[in-house]
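Notes for the one structure printed next.
Number of protein chains: 2
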Amino acid sequence: MDTITIKDIARALNLSTSTVSRALRDSYEINAETKRLVIEYAERLNYRPNPIALSLKENRSRVIGVIVPQIANNFFSQTINGIEAVAYSRGYHVIIFQTHESFEREILTVQQAVARKADGLLISLSSSTSDVTHLCQLQEKKLPIVLFDRVSNELDSPSVTADNFGGAFAATEHLIQTGRRRIAHLTIPPYISITQERLAGYRAALDKYGIPYDESLVRYAGFGQDEVEPIVDDLLRQSPDAFFAASDRLALGCLEALKKRNIAIPETVSLIGFTNITVANLLSPSMSTVEQPALEIGQLAAEQLFNMIEGKQKIPQPGIIRIPTRMVIRESSQRSLVG
Amino acid sequence: MDTITIKDIARALNLSTSTVSRALRDSYEINAETKRLVIEYAERLNYRPNPIALSLKENRSRVIGVIVPQIANNFFSQTINGIEAVAYSRGYHVIIFQTHESFEREILTVQQAVARKADGLLISLSSSTSDVTHLCQLQEKKLPIVLFDRVSNELDSPSVTADNFGGAFAATEHLIQTGRRRIAHLTIPPYISITQERLAGYRAALDKYGIPYDESLVRYAGFGQDEVEPIVDDLLRQSPDAFFAASDRLALGCLEALKKRNIAIPETVSLIGFTNITVANLLSPSMSTVEQPALEIGQLAAEQLFNMIEGKQKIPQPGIIRIPTRMVIRESSQRSLVG
DNA sequence: TTGTAGGCGTTATCAT
DNA sequence: ATGATAACGCCTACAA
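Chains as they are written, first to last, in UniProt numbering: chain A, 1 to 339; chain B, 1 to 339.
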């Protein structure tokens, strides 16, 4: 791999490496003619500074690390899109890591990012992460960290999520207002912040309408292939008159299971995740959704991070920014489950 | 960022950096006691070798670059999953770049990957890439490159795709066998290999059944938001009795447009892309699909790449590996468009 | 068995 | 205006 270096240019032009370096960085104290010569030659040979050498020297990489549980997930891939757009506009590159919902891999992954001298980290916590000391330590070492989506208040960092509470509240309220009382809540593992927030929104809505909270209507599902179906069966035994699923995957799994059992669904609300409105519109039976602003979350999180990285003067305000969700109501024609 | 280096260990233990280095790499020519001491100390301080320094020294990075048009795309995100799994198991890391379907960004992106000393590249070409000399040049410099999904025979590299011809043939044949004769083909930009292959499969099936190829039934759509609808309208004017869409996105766009116009669909086949079978199963109107083995494509492509990177001895067989697709037939109840 | 020196590509400091 | 030198963290040939 015959990469051309500053040395090559220096040799060819009978200059010292320092002169070449200065010429390329357009230093003022350099002869205009020399400068022209160097720049021309560099261009002709398509010289590119070695980012690795620069990283070693400057102890930074112009790379930010993005750590997500899964890439193959509509929400996260759209978030990454937003992050990448912002990073790109600032001349940074993005390196993406997956934790596969494993705490151990999250730790390894964070170590890797740090070892590779990422200038900052954007993290969405794995579902098995309850302890964030590994992140606290980095923060003490002044590494800029921003959490998004799955956040933690154990960590004093800026965080960006959707308004999960509000979205869940609206979804549940809608179901109540259309006559449902026994609303099943199918949700993701309990540790994650979004689960808690969505559950709280659900409970608050029940509260508001004087409907008692019934624990037997709430079920947590992991990320396994065949976990959803038995849980739906289980919930059906509680004779619910509506389903409120906390994610795309669960909502789809739920629909699938119900269809299989030939159960007509009055209305199912999938909270959070149906960024892909196109799909939701075409689903049968139809399903109302709460749309999550994935792109915006990514952009805003990235902007927060760059504020920390570049404007070191500003003290990062460690607080959670919540971006409003948007509810899309799709009425289904049947209501057979309604009491 | 108080990262601990080999120097720190040397100073603390009153040794030279070389001794420490050797001890850590478990060199045979080192005193067992010294070795123990060093390793223990390193562990206690949680020492991690600086990959950047290593990259600079060894002129390689243990990172492979993956270049895709879009991350936020079911197919690509699943492919990346497969790639990552293989890379991870070999101790490599993956850095992902998006070209956003732009030739210019593909070039920039490839340069970046090279500058960052990626040990190899996995590329799915952008839809606006017709010229691959930028890749040929790298190949001459011995950089291992493997193409996947969107390949090119201008480049003598191992390539991995789905059996697009076979999939399209099967899809079209199925439509013919169920009585259709005027099968509209809604497809992606013409430059890309997969478009050509799918079109060829479509034509071959028509041929087999003596149906003349009608150019007015074929339309290419770009990746813009609102491109699909007018094209579908256009196609409808040709009074087709079936649709064969060449991607997830187009198939969904097509369904959406038809639904909006209250047009009953006898059957639409979306070729290639519905990795997300769950969604396809729930769609209304239902739609047969050709499933693409995204994960396997990623894995196989990565394996090819590692063969080139590690077993430099083996001459990479520059040929296209085609992984079979799987067709899932979902019969729709209505057939109103059928002549 | 251990230490010294040089180099990977670049820039900053200090000469000249 | 330009050059020599050292340093970033690591490894390795060579010396001791």
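Glycine is no exception: its CB is placed at the ideal position from the N, C-alpha and C atoms.
Values in this document were obtained by computation on a predicted structure and should not be read as measured data.
Check your understanding: If you draw a straight line from the C-alpha of S55 of chain A to the C-alpha of F306 of chain A, how long is it?
Key -> 18 Å
Review point. What did DSSP end up calling E106 of chain B once you bin it into helix, strand or coil?
Key: helix
Exercise for review: Could you give the DSSP three-state label for E84 of chain B: helix, strand or coil?
Suggested key: helix
Review point. Looking at K35 of chain A and A23 of chain A, is the spacing between their C-beta atoms short of 8 Å?
Key: yes
Practice item. For E303 of chain B, return the contacting residues in chain A, with the cut-off set at a CB-CB distance below 9 Å. Key: Those within 9 Å of E303 of chain B in chain A number zero; the least Cβ separation is about 19 Å.
Check your understanding: When the Cα atoms are used, what is the spatial distance from R62 of chain B to F148 of chain B?
Key -> 20 Å
Practice item. Quick one: give me the first and last residue of the alpha helix (DSSP H) that F165 of chain B is part of. Key: 164-177
Review point. Along chain B, which residues have their Cβ under 7 Å away from the Cβ of A53 of chain A?
Key: L56
**Study point:** Nearest-angstrom beta carbon gap, E173 of chain B and A205 of chain B [assumed within contact, 8 Å]
**Key:** 5 Å
Review point. Which residues mark the beginning and the end of the beta strand (DSSP E) in which P327 of chain A is found?
Key: The sequence shown places Met at residue 327 of chain A, not Pro. M327 of chain A -> beta strand (DSSP E) spans 326-328.
Exercise for review: Check whether the segment 252-265 of chain A touches the segment 281-299 of chain B, counting contact only when three or more Cβ pairs, one atom from each stretch, lie closer than 8 Å.
Suggested key: yes
Practice item. Closer than 7 Å, Cβ to Cβ, to anything on chain B: give me those residues from the segment 88-116 of chain A, in chain order. Key: H93, I95, I96, Q98, Q111, Q112, A115, R116
Point to revise | Straight-line gap, Q317 of chain B to P158 of chain B (C-alpha atoms, nearest Å) | key: 6 Å
Review point. Can you find a CB in chain B that lies within less than 8 Å of the CB of S128 of chain A?
Key: no
Check your understanding: How many whole angstroms separate the CB atoms of A184 of chain A and L138 of chain A, which I take to be in contact at a CB cut-off of 8 Å?
Key -> Wrong, their Cβ atoms sit about 40 Å apart, outside the cutoff.
Review point. Between the segment 62-86 of chain B and chain A, which residues of the former have a C-beta closer than 7 Å to a C-beta of the latter?
Key: I71, A72, S77, Q78, I80, N81, E84
Review point. Chain B partners of residue 341 of chain A, CB-CB under 8 Å?
Key: One cannot answer for residue 341 of chain A here, as it falls past the ends of chain A, which runs 1 to 339.
Check your understanding: Does Q334 of chain A come within less than 8 Å of chain B when only Cβ atoms are used?
Key -> Unreliable positioning characterises Q334 of chain A in this predicted model, as indicated by a pLDDT of 41, which lies under 50. The coordinate reading is nonetheless provided below. Closer than 8 Å: no.
Exercise for review: Kindly indicate if chain A contains any beta-carbon less than 8 Å away from that of R261 of chain B.
Suggested key: no
Check your understanding: Apart from the five residues on each side of it in sequence, which residues of its chain come closer than 6 Å, Cβ to Cβ, to A246 of chain A?
Key -> T187, I188, R198, L271
Point to revise | Segments assigned alpha helix (DSSP H), at least 4 residues, entirely inside the segment 223-258 of chain B | key: 228-236
Check your understanding: Name the chain A residues that come within less than 8 Å of T278 of chain B, Cβ to Cβ?
Key -> L252, G253, E256
Check your understanding: Do the segment 63-75 of chain B and the segment 108-122 of chain B make contact, defined as three or more Cβ pairs closer than 8 Å?
Key -> yes
Exercise for review: Might you give, ordered along the chain, the residues of its own chain that have their beta carbon closer than 6 Å to the beta carbon of T17 of chain B, omitting 5 neighbours on each side?
Suggested key: I6, K7, A10
Practice item. Spatial neighbours of Q313 of chain A within its chain, please: CB distance less than 6 Å, with the 5 preceding and 5 following residues excluded, ordered by chain position. Key: For Q313 of chain A, the predicted structure reports a pLDDT of 48, less than 50, and the residue's modelled location is therefore unreliable. A value from the coordinates is still provided. Result list for Q313 of chain A: empty, nothing under 6 Å.
Review point. So, does the CB of R326 of chain B fall closer than 8 Å to a CB anywhere in chain A?
Key: no
Review point. Under the three-state reduction of DSSP, which class applies to R62 of chain A: helix, strand or coil?
Key: coil
Practice item. Pick out the complete alpha helix (DSSP H) segments inside the UniProt domain "HTH lacI-type" (4-58) of chain A, 4 residues or longer, and give them in chain order. Key: 6-13, 17-24, 32-44, 51-58
**Study point:** Best match in A:T195, A:I145, A:L13, A:E331 for proximity to L175 of chain A [C-alpha to C-alpha]
**Key:** A:E331
Review point. What residue range is occupied by the uninterrupted alpha helix (DSSP H) comprising Q137 of chain B?
Key: 133-140
Exercise for review: Indicate the three-state DSSP secondary structure (helix, strand or coil) for Q313 of chain B in the structure shown.
Suggested key: Here Q313 of chain B scores only 48 on pLDDT, less than 50, and its place in the model should not be relied on; the value that follows carries that caveat. If DSSP states are grouped into helix, strand and coil, Q313 of chain B belongs with coil.
Check your understanding: Under the rule that 16 or more other beta-carbon atoms within 10 Å means buried, what is E58 of chain A, buried or exposed?
Key -> exposed
Practice item. Please list the segments of the beta strand (DSSP E) lying wholly inside the segment 278-302 of chain B, counting only runs of 3 or more residues, in order along the chain. Key: 288-291
Practice item. Give the secondary structure of R191 of chain A by DSSP, where H, G and I count as helix, E and B as strand, and everything else as coil. Key: Note on residue identity: the sequence assigns Tyr, not Arg, to residue 191 of chain A. Looking at Y191 of chain A - three-state DSSP - the assignment turns out to be coil, as it is neither helix nor strand.
Check your understanding: Grouping DSSP H, G and I as helix and E and B as strand, with all else coil, what is V151 of chain B?
Key -> coil
Point to revise | Rounded straight-line distance, which links the Cα of T79 of chain B to that of I192 of chain A | key: 27 Å
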